[in-house]
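Notes for the one structure printed next.
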Amino acid sequence: MLPERNPRFVNQAKLLSEVSGRVLATGAGNQTVVLTGAPGSGKTAAGIELAHRLRGYYPDGGLFLEFSGAVDPADSIGEMLGKALLGLGLRESDIPDRPGARQQRFQALTAGRSYVLLLDGVVSAQQVRALRPGPGSSLTLVTEARPVASAESAEVPLIVVEPLDADATRDMLSGSVGADLLAAEPEAAAAIVGLCEGLPMAVTIVAPMIRRAALRTRNPLAETVERLRDERRRRTLMPMDMVFGAAYRALSEPARRGYRALGLRAHGGVISAPALAAALEMPEYEAAETLIELAESHLIEPRRTDRDVPHDGGRFTTRELVRAHARDLDEPTDDRVAAERRLLHHYDRHLCAADALLAPSRPWRALLFPELDTAPGVFEDAASAREWLRAERIAVRAAADHAADVGSDELVMRWCVLLWPFHEKEKFTADLRALHRLGIAAARRHGNRSVESLLHTQLGFAHYWLRELDSAATEFDDGVRTADRQDLEATALEGLGLTRLAQERVPEARGLLRRNENLARAIGDPRRLTLAAFHRAKAEVPAVALPLLERAATGFAAEPADETENLAKVRYWRGRKRADRGELDSAAEDLGYALEVMTDRGRGFDMAEIFAALGAVSLARADAASARSNYRRALELYEQLGFGELAQRCRTELEGLPSA
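If you count the sequence shown from 1, position 593 lands on 856 in the working numbering, and the numbers rise without skipping.
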């Protein structure tokens with residue numbers, strides 16, 4: 264969906280006419296238009312207006328993707344592709360994990376269609392290329408946060424969003440404060456128009472200054488001119504710096520403190536009332552009021568995803584121009600450092616509380632960080648903890664980067680452990696990788712081999728799920744090498760064994776998984792032993808595997824937690840081993856049960872694996888029609904998920920079947 268149209272949008276008639284004419288005059292096929300211009304020149308507003316004006320020519324709809332809040336531009340691509348797929352109607356459970364697979368799915372869904380895509384705040388040509396729709400008749404409008412057009416084709420129009428002229432600036436100001444105020448002070452109005460230098464952002468911030476001044480003086484425009492000129496004398500800077508400075512000095516004292524906090528590095532430009540209250544040691548209601556004042560001054564704005572949430576319950580985003588200005592303000596260094604430290608503590612407390620709810624039985628928090636307070640009462644339940652983690656992702660990434668920069672290695676290490684269940688479940692692989700790079704470096708600096716081993720293993724599983732098997736093996740090897748405890752060694756061995764099995768290095772996998780089971784037996788944890796027996800069975804011949812699978816089924820059934828999926832996986836592997844032994848009817852029964860569970864749970868990869876196994880059973884029965892149906896369904900799922908090698912295996916099987 265596109266953002267709402269701004270009814271006060273003014274001027275840019277030449278730009279709108281030029282782009283509209285160029286787009287409509289061009290023949291069939293996809294088109295891309297890039298809008299560039301100075302900070303504060305209104306590129307986003309122009310892009311939104313263009314998208315709405317042209318929307319009627321693109322019957323399949325509009326998509327808006329905002330890149331400006333991303334911590335790492337390269338990492339934003341997979342996330343934006345995921346949002347695009349949701350916008351195109353895909354269920355979250357059907358979105359592939361891998362960025363490449365998401366891109367393929369996006370191009371497939373947009374091929375032959377006609378959309379308007381608005382990519383806002385783009386900083387790299389790679390972002391534009393990744394969101395390029397499939398062959399069709401779509402329009403991609405790009406607003407640059409940094410120059411990107413040089414890396415694109417010379418055929419892509421680069422349109423400069425020029426400053427507003429004086430009349431348009433006056434019209435915009437009049438729409439915000441009223442024509443009567445401008446008419447009452449024509450000289451001051453003209454001076455303000457000149458001081459804003461045609462930048463819509465400047466007008467947007469100056470307008471509430473005038474409205475507030477009108478509450479206490481008969482000459483609000485003259486007072487505002489005096490403020491702006493005083494700031495210009497104080498700072499010989501860009502016009503936006505002058506406007507920010509004047510707006511800052513017009514704020515109440517609590518709001519000035521809040522404005523200075525916008526420059527803190529640990530929130531990444533996404534701030535909430537609880538976070539601000541923690542940073543500034545003020546009551547949360549006062550922080551909420553501060554954010555309202557800053558928002559009414561247009562120095563921050565509600566996040567687009569939170570526009571239906573009250574100010575005191577939502578989060579706000581801050582332009583980088585504002586954050587840079589806030590950092591330049593005079594403030595004692597010790598005060599800023601202390602505020603950053605309190606903000607890190609705020610995130611740390613919430614992460615500890617969230618992990619205790621999302622992964623209560625996971626052992627590593629208690630084993631590696633036994634002194635941690637799980638902060639009961641921070642969240643009502645696991646759902647609210649997960650929602651907080653989703654909403655604070657950008658802030659937590661920025662906080663981790665800042666913690667690493669200032670040497671808070673303990674925080675970085677434990678955040679890798681605390682966030683792993685969330686990152687794994689939500690498939691935020693880019694966040695996981697970036698944080699683990701910081702965490703492994705921190706563990707090495709501290710000589711903490713336990714944490715280093717676990718982080719290598721966690722990173723290995725992230726690669727394993729994405730079928731990046733060579734990278735997974737490297738991380739698991741490092742996990743084994745650095746382990747200084749049996750449980751850490753066993754976990755890394757398990758991952759390495761599963762990776763070697765996926766690489767079809769079965770004898771090596773068998774040896775590793777046997778070592779893992781021996782360690783599990785020595786450790787004495789029943790669930791670990793159940794898992795070890797299950798994984799070892801995958802690499803064993805049927806005569807050895809089937810008793811192991813029975814043990815695993817008994818162990819999972821005895822667990823108090825819901826083990827439905829693990830029991831279904833046991834049935835899947837039992838079906839495969841029975842098929843290897845020629846027990847085709849029993850194999851089909853096991854595989855059918857597993858398929859029913861995984862379909863109900865929306866586990867696409869597991870469904871693909873089961874369909875492929877059913878195809879092999881049908882082939883062994885000489886039932887070519889059934890084999891063809893199963894392999895085709897497996898192929899479709901593998902392709903949707905982006906597992907090219909596995910998809911090719913299905914194609915090979917299909918090509919070997921007799922003609923229908």
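Where is the CB? At the ideal position from N, CA and C, for every residue including glycine. Bear in mind that the values here come from a model prediction, so they are computed numbers and not experimental data.
Beta-carbon proximity list for residue i, same chain, < 7 Å, skipping 5 on both sides
i, result
"G324", "Y378"
"H613", "V641 and W651"
"E813", "none"
"E908", "none"
"T754", "T720"
"E448", "N482, L484 and A485"
Residue burial classification, residue i (beta-carbon count within 10 angstroms, cutoff 16)
i, result
"T915", "exposed"
"V572", "Confidence is the limiting factor: at V572 the pLDDT is only 39, short of 50, which leaves the residue's position unreliable and the question unanswerable from this model."
"V282", "buried"
"P823", "exposed"
"A851", "buried"
"M264", "exposed"
"A925", "The displayed coordinates of the chain run from 264 to 923. Any statement about residue 925 would go beyond what the structure contains."
"S515", "exposed"
"G919", "exposed"
"A772", "buried"
"A414", "Summary for A414: the model assigns pLDDT 44, below 50, so the residue's position carries little reliability; its value from the coordinates is reported in the next sentence. The residue is exposed, with fewer than 16 neighbouring Cβ atoms inside 10 Å."
"P483", "buried"
"R368", "buried"
"L607", "buried"
"T862", "exposed"
"L478", "exposed"
"S280", "exposed"
Pick from the options that is closest to residue i, judged by C-alpha positions
i, options, result
"R604", "L674, S624 and H588", "L674"
"H588", "A308, R528, P623 and A542", "R528"
"M464", "E494, M503 and D869", "M503"
"A364", "G905, S892 and L854", "G905"
"D432", "V456, L717 and A451", "The question names Asp, but residue 432 in the sequence shown is Thr. With distances taken between Cα atoms, T432 lies closest to V456."
"P420", "A485, R318, L404 and N269", "L404"
"L313", "E634, V286, N293 and T754", "V286"
"R891", "L382, E902 and A876", "A876"
"Y548", "P565, L621, R730 and A518", "A518"
"I555", "E544, A536 and M545", "A536"
"P426", "L278, Q766 and G290", "L278"
"A601", "P639, P623, V669 and R864", "V669"
"V385", "P362, L353 and L328", "L328"
Beta-ladder partner(s) of residue i, from DSSP
i, result
"Q294", "L402"
"D383", "E329"
"A579", "For clarity, residue 579 is Phe in the given sequence; the question names Ala instead. BP columns for F579 point to I534 and P565."
"I422", "L298"
"E281", "For E281, which the question treats as bridged, DSSP gives no partner whatsoever."
"E407", "V385"
Other residues of its chain near residue i: CB distance less than 6 Å, five sequence neighbours each side excluded
i, result
"S849", "R841"
"T467", "H561"
"I563", "L557, F579 and T581"
"S439", "A470"
"E826", "F819"
"H709", "D672"
"Q275", "A309"
"A645", "L620 and L621"
"A451", "L484, A485 and V488"
"A291", "S400"
"A815", "T793, A796, F797 and V833"
heavy atom of the ligand ATP below 8 Å from residue i C-beta
i, result
"G878", "As for the ligand ATP, it is missing from this structure, which has no ligand bound."
Beta-carbon contacts of residue i that lie in its chain and below 8 Å, excluding the five residues immediately before and after
i, result
"A857", "A831, K832, R834, Y835, G838, D869 and I873"
"Y321", "S377, Y378, V379, S400, S401 and L402"
"L681", "L614, C615, A617, D618 and R628"
"F632", "R677 and V680"
"V807", "A800"
"R586", "L525, G526 and G532"
"R712", "A706, T745, A746 and D747"
"A883", "A842, G845 and L847"
"P270", "none"
Proximity test, Cβ basis, 9 Å: residue i and chain C
i, result
"S713", "As a matter of chain content, chain C is missing from the structure shown, which is built from one protein chain."
>> Restricting to runs no shorter than 3 residues, where is the beta strand (DSSP E) found entirely within the region 842-879?
In response: none
> Which runs of the alpha helix (DSSP H) fall wholly inside the region 789-820 and span at least 4 residues, in chain order?
Replying inline: 789-802
> Whole beta strand (DSSP E) runs in the region 689-748 with 3 or more residues, listed along the chain?
Replying inline: none
> Which residue spans inside the region 422-473 form an unbroken alpha helix (DSSP H) run of at least 4?
Replying inline: 429-440, 442-447 and 449-459
>> Report the start-end ranges of each alpha helix (DSSP H) in the region 481-523 that is 4 residues or longer and not cut off at the edges.
In response: 483-497 and 502-512
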